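Visitor: Sequence lines, in order, name chains U and S. Just so you know, our numbering puts 17 at position 27 of the first sequence, and the rest follows in order with no gaps. Just so we're on the same page, our numbering is the position in the second sequence counted from 1, plus 780. Backbone N, C-alpha and C define an ideal beta-carbon position, used for all residues, glycine too. Since the structure is predicted, the reported quantities are computational estimates derived from the model, not experimental observations. The structure's right below; bear with me while I get my questions together.
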Amino acid sequence: MKPSPGLVDRSEVSEADVEAALDARDPSERDLCVLLSPAAERFLERMAGRAAMLTRAHFGRTVSLYVPLYLSDYCSGGCVYCGFAADRKQARHRLEADQIVAEMDAVRAMGFEEILLLTGERTPMADYGYLRGAVREAAARFAAVTVEAFPMTTEEYRGLAEAGCVGVTLYQETYDPERYAQLHRWGPKRDYAGRLEAPERVLAGGMRQVGLGALLGISDPVPDALCLYRHVKHLGRRYWQAGITVSFPRVCAQPGGYTPAFPVSERYLAQIIFAFRICLPDVPLVLSTREGARFRDGIAGIGISKMSAGSRTTVGGYRVHSESPDGQFHVNDPRGVEEVCAALRTKGLEPVFKNWDRTYRG
Amino acid sequence: MTMATTFMLGGVAFESRLLVGTGKFSSREVMVEAIRASGASLVTVALRRFNVGRESDDLLGPLQKLGVTVVPNTSGARNAMEAVRAAMLGRELSGSRFVKVEIHPNPHHLMPDPLETYEACKALAKEGFAVLPYMPADPVLAKRLEDVGCAAVMPLGSAIGTGHGLATAEMLRLILEDSQVPVIVDAGLRAPSEAAAALEMGCGAVLVNSAIAAAGDPVAMAAAFAAAVKAGYAARQAGLMTRRHAAVATSPLTSFLNTGNG
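Shown next as structure tokens:
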């Protein structure tokens, strides 16, 4: 998607434009573009200041914690950048019913009350029925259950909600259709529009939350960020009760050998996060353990209001196959939960494990 | 405590007219210290932050130890049915008959849903709760909620977390004019002076969370709010000087009427 007429050419943004964006009462999508421009790099500290103020006002001095649980790494997808792509020659695993329970008990024991269940693209080994069964098990154990899997039909999403799922995370990866086609080589994930419209089906199916994101590094981040912002706004208008979250997954060199075509530096990642906080002040912004401890500790509470911790990105990584080395992505913050909590507390932030209650499940 | 300063709510006398919320604090220790400094007798806590199984993540436990009256709130509910369910569970876990009904279906701006709030309050009042509804600053809704048996009404000063103060002052005046239950301004306050202004207007109390929890020094800010609420209430009791809207000319303008012959 190309920026619309009227939006700025990032190379022509002036310092005065950045000042105006930083001072805007209700920053617009034009302001977002300005804050993502090279001219805004010099204003990073001031962006952080406004972002921190807004994060504190809307989310307080707290950071919500969740834990990912990989159910299966079978995948029909051919994503160039992913460690689980179908052409990677690696042993595949799927958690069986008893193993699902064992893994869930392991993360429960770590204190988590919000769990994110993950699979690859739809395969017979990890299909809808399998996922729904796992949601049921999780709902019996956790206050909040969310899912990051393959795009589904509205009815399927409704079924997951009935099983106790409160939200779905589904990244478009890139909003650029041409780039998307190059990166997703085969399988159902080639359906760009089907994926793009899935968050609407999530909400139409009665789910409360939907998590959006673009995979930073695989395409030009500025148009992707703008489209992501528009996606948030669009869903908010169409589904006024929707809880929308935004994540900032940054792809790094992968076990399969992928090198990001549009590398995003740590500094620029911070700039993107600050820009989103300034332009979407009340949207929870989420960061995973793809990022390292120093960055995560630094940006917690400044822009980020929700994080994973103690994560394993391998199937069975918490108890069943805890020695397995290759995950979907490399965990750059390998600290245990207690260590992450201690670091947050040192910053004057309270880690919150339970921020939901199953009584709201219906 | 003298009768003159007592705050009557749901048939119970409370010493403080400052209610505080418990979200957004940097730690449970700071929360407890801030509540102490605020002198609040009524403290609201979201049911979703009850974590009975994990003491270090639980907000209910420390409040019970503190000896304040816990007011569970239903934040997270998007309709009356969910709020009623949450209220029941909150009462069971906390033992408190007070409930703050919070139904804000849009999780971003957190504006209260008047229709669902009304239905939930009607049901909960019948169940014997002392119902405190977080509501839009709507004078008609306030009377409707009073009619179904709410113990107070809690109109918002401005949107939660915004710190825009008493943006709804004109509507609050209309609510205050007719209300037979205490009016508690909830949400939007930033500065103690705004809390004082609410009490001066005639509000029975104010509820503050973000302004304390997000302040540079939450404990000191809690004490500042306590002082402001006392000052505002004392001013109200003392009888504020009438604000004059009419101009008074230094020389009489109508004297010419007295000098004529006719």
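Is V273 (chain U) close to chain S? Criterion is C-beta to C-beta, closer than 8 Å.
Guide: yes
Visitor: Where in the stretch 180 to 236 of chain U do unbroken runs of the alpha helix (DSSP H), each at least 4 residues long, occur, reported from the N-terminal end onward?
Guide: 182 to 186, 188 to 194 and 211 to 228
Visitor: Comparing the C-beta of F1036 (chain S) with each C-beta of chain U, is any distance below 8 Å?
Guide: no
Visitor: Quick one: which chain S residues come within Cβ less than 8 Å of N322 (chain U)?
Guide: Taking a Cβ-Cβ threshold of 8 Å, none of the residues of chain S is close to N322 (chain U); the smallest such distance is about 26 Å.
Visitor: Anyone know if the C-beta pair for A820 (chain S) and L798 (chain S) falls short of 8 Å?
Guide: yes
Visitor: For my contact list, D63 (chain U) and V305 (chain U) are in at a C-beta cut-off of 8 Å; report their separation, rounded to the angstrom.
Guide: 5 Å
Visitor: In this structure, does DSSP put P(-7) (chain U) in helix, strand or coil?
Guide: With a pLDDT of only 48 at P(-7) (chain U), under the threshold of 50, the placement of this residue in the model should not be trusted; the figure read from the coordinates follows. Reduced to three states, the DSSP call for P(-7) (chain U) is coil.
Visitor: Which residues, taken in chain order from the stretch 936 to 960 of chain S, show a beta carbon closer than 8 Å to some beta carbon of chain U?
Guide: G941, T942 and G943
Visitor: Alpha carbon to alpha carbon, how far is L160 (chain U) from T786 (chain S)?
Guide: 53 Å
Visitor: Leaving out five residues on either side along the sequence, give the residues of the same chain with a beta carbon under 8 Å from the beta carbon of A976 (chain S).
Guide: A1008, V1009, A1011, G1012 and A1015
Visitor: So the alpha helix (DSSP H) G110 (chain U) belongs to, where does it begin and stop?
Guide: Taken as a continuous stretch (DSSP letters only), G110 (chain U) belongs to no alpha helix (DSSP H), as it is neither H nor E.
Visitor: For T1039 (chain S), does the count of other Cβ atoms within 10 angstroms reach 16, so buried, or fall short, so exposed?
Guide: exposed
Visitor: Per DSSP, what are the beta-bridge partners of E340 (chain U) in this structure?
Guide: U:T52
Visitor: Verify whether the separation of the beta carbon atoms of R829 (chain S) and G803 (chain S) is less than 8 Å.
Guide: Note that the C-beta distance between R829 (chain S) and G803 (chain S) is below 8 Å.
Visitor: In the DSSP assignment, what are the bridge partners of R84 (chain U)?
Guide: According to DSSP, which records beta bridges pairwise, R84 (chain U) is partnered with U:S62.
Visitor: State the CB to CB distance for the pair V236 (chain U) and V200 (chain U), rounded to an integer number of angstroms; the pair is presumed to be in contact (CB under 8 Å).
Guide: V236 (chain U) to V200 (chain U), Cβ: 10 Å. No contact.
Visitor: Once the 5 residues before and after E93 (chain U) are set aside, which same chain residues still bring their CB inside 7 Å of it?
Guide: L59, L85, G306, Y308, R309 and V310
Visitor: In three-state terms, what does DSSP make of V24 (chain U)?
Guide: helix
Visitor: Does any residue of chain U have a CB that is nearer than 8 Å to the CB of G1012 (chain S)?
Guide: No, G1012 (chain S) lies away from the interface with chain U (no Cβ there is under 8 Å from its Cβ).
Visitor: Closest to L334 (chain U) by CA distance: which of U:L216, U:V24 and U:R284 is it?
Guide: U:R284
Visitor: Quick one, are the C-beta atoms of T849 (chain S) and L987 (chain S) less than 8 Å apart?
Guide: Result no, Cβ atoms of T849 (chain S) and L987 (chain S) do not sit closer than 8 Å.
Visitor: Using 8 Å as the threshold, is the C-beta distance between D77 (chain U) and H888 (chain S) below it?
Guide: no
Visitor: How would you write the range of the beta strand (DSSP E) that Y914 (chain S) sits in, first residue to last?
Guide: A910 to M915
Visitor: Taking just the CA atoms, how far does D(-1) (chain U) sit from Q844 (chain S)?
Guide: 57 Å
Visitor: Compare the C-alpha of V158 (chain U) against each of U:D181, U:M115, U:L121 and U:A99 and name the closest.
Guide: The candidate whose alpha carbon is nearest that of V158 (chain U) is U:L121.
Visitor: Would M781 (chain S) be called buried (16 or more neighbouring beta carbons within 10 Å of its own) or exposed?
Guide: Any reading at M781 (chain S) is ruled out, since the residue's pLDDT is 44, under 50, leaving its predicted position unreliable.
Visitor: Considering only their Cβ atoms, is the gap separating G282 (chain U) from D323 (chain U) smaller than 8 Å?
Guide: It is a contact, given that the beta carbons lie within the stated cut-off.
Visitor: Assuming C269 (chain U) contacts L22 (chain U) (C-beta within less than 8 Å), just tell me the rounded distance between them.
Guide: About 4 Å; that satisfies the 8 Å criterion.
Visitor: Based on the DSSP output, what are the partners of G801 (chain S) in its beta bridges?
Guide: S:T824
Visitor: Report back the beta-carbon spacing between P919 (chain S) and M951 (chain S) to the nearest angstrom; my notes put them in contact at under 8 Å.
Guide: 6 Å
Visitor: If we call anything under 8 Å between Cβ atoms a contact, is L202 (chain U) one with P189 (chain U)?
Guide: Between L202 (chain U) and P189 (chain U), the C-beta spacing is below 8 Å.
Visitor: Are there 16 or more other CB atoms within 10 angstroms of the CB of K296 (chain U), so buried, or fewer, so exposed?
Guide: buried
Visitor: Should H224 (chain U) be labelled buried (16 or more other beta-carbon atoms within 10 Å of its own) or exposed?
Guide: exposed
Visitor: Our contact map puts E103 (chain U) next to A133 (chain U) with C-beta atoms below 8 Å; I'd like the distance itself, whole angstroms only.
Guide: 4 Å
Visitor: Say whether chain U places a C-beta atom closer than 8 Å to the C-beta of F853 (chain S).
Guide: According to the sequence as given, residue 853 (chain S) is Asn; it is not Phe. No, N853 (chain S) lies away from the interface with chain U (no Cβ there is under 8 Å from its Cβ).
Visitor: Write down every uninterrupted run of the beta strand (DSSP E) in the stretch 925 to 985 of chain S whose length is 3 residues or greater and which is fully enclosed by it, in chain order.
Guide: For the stretch 925 to 985 of chain S, whole beta strand (DSSP E) runs of length 3 or above, ordered along the chain, are 964 to 966.
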